[in-house]
Amino acid sequence: MFNNEKEFRVAGYCDSDHAADLDKRRSISGYVFTVGGNIVSWKANLQPVVAVSSTEAEYIALAEAAKEAIWIKGLLKDMGCEQEKACIWCDSQSAICLSKNSCITRGLSI
Numbered sequence: 010m011f012n013n014e015k016e017f018r019v020a021g022y023c024d025s026d027h028a029a030d031l032d033k034r035r036s037i038s039g040y041v042f043t044v045g046g047n048i049v050s051w052k053a054n055l056q057p058v059v060a061v062s063s064t065e066a067e068y069i070a071l072a073e074a075a076k077e078a079i080w081i082k083g084l085l086k087d088m089g090c091e092q093e094k095a096c097i098w099c100d101s102q103s104a105i106c107l108s109k110n111s112c113i114t115r116g117l118s119i
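First residue of the sequence shown? That's 10 in this note's numbering, and the numbers climb one at a time after it.
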């Protein structure tokens, strides 16, 4: 059932399960996106690499969610509903801090 919320915003939620695959020790990433309170995109799969920490697994999930948010914003822009930003919710403080300081930790300047 579709909702009709007052605010037409893009919101995403992401999570990971570190080393969920017991044979290959790969983690599972997942995300779901809503637009105006309605689910429009979701995905859950094994990560392509082995994460050595739960922070890395969460960061990979967050990066995948960010790519999907950019795609959804572009799609909405093509449809005439341009969004200023998309909120992505993540339950890992360490992954959030890493994503905010990625330019510093990688030695890049913007």
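Beta carbons: idealized from backbone N, C-alpha and C, even for Gly.
In this text the structure is predicted, and so the values were computed from the model without any measurement.
Tell me the DSSP secondary structure of residue i in three-state form.
i: G83; result: helix
i: K109; result: helix
i: L121; result: Examination of residue 121 is not possible in this model, given that the chain is present from 10 through 119 alone.
i: A28; result: coil
i: S103; result: helix
i: S63; result: helix
Can you grab the Cα-Cα spacing for the pair residue i / residue j, in whole Å?
i: D24; j: G89; result: 30 Å
i: P57; j: S101; result: 20 Å
Should residue i and residue j be called a contact, given that it needs their Cβ atoms to be closer than 7 Å?
i: A70; j: S38; result: yes
i: L55; j: D32; result: no
i: I81; j: V41; result: no
i: T43; j: S103; result: no
i: A72; j: S36; result: no
i: Q92; j: L84; result: no
Take the Cβ of residue i as the centre, count every other Cβ of all protein chains shown within 10 Å, and call the residue buried at 16 or more, exposed below.
i: C99; result: buried
Is any heavy atom in the ligand FMN found nearer than 6 Å to the beta carbon of residue i?
i: G46; result: Only the bare structure without any ligand can be found here, which leaves the ligand FMN out of the picture.
Contact the region 67-86 vs the region 16-30: 3+ CB pairs below 8 Å: Touching, yes, given that three or more Cβ pairs across the two stretches are closer than 8 Å.
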